[in-house]
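Working notes, beginning with the structure itself.
In my numbering, the protein residues as written are 1266 to 1359.
Written out as structure tokens, the structure reads:
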């Protein structure tokens, strides 16, 4: 069973590596952020699979920390790219 979990972790990491292409070539900042979230989710999944396969509790702690950091990163992205409701838009100037 441990071999299957390690193979599954390697497969998840391989699929997440494809997400790096979207981060590098993403047409928009939102696409890049979504790819970074995919990277974090895949990293968490592979860490949890590897931690379960090897029985090490440290990898599970690292996965939970990574999940917390991913939530803060998405919150910071939304906060930085949102506009206040009272802010004038470019259409108002025309």
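The C-beta atom is built at its ideal place from N, Cα and C for all residues, glycine as well.
Asked	Found
Same chain, Cβ closer than 7 Å to residue 1325, neighbours up to 5 away in sequence not counted	1313, 1316
Contact under 8 Å by Cβ, residue 1302 with residue 1339	yes
Three-state secondary structure assigned by DSSP to residue 1294	helix
Three-state class that DSSP yields for residue 1266 in the structure shown	coil
Supposed contact pair residue 1278 and residue 1307 - C-beta distance, whole angstroms, cut 8 Å	7 Å
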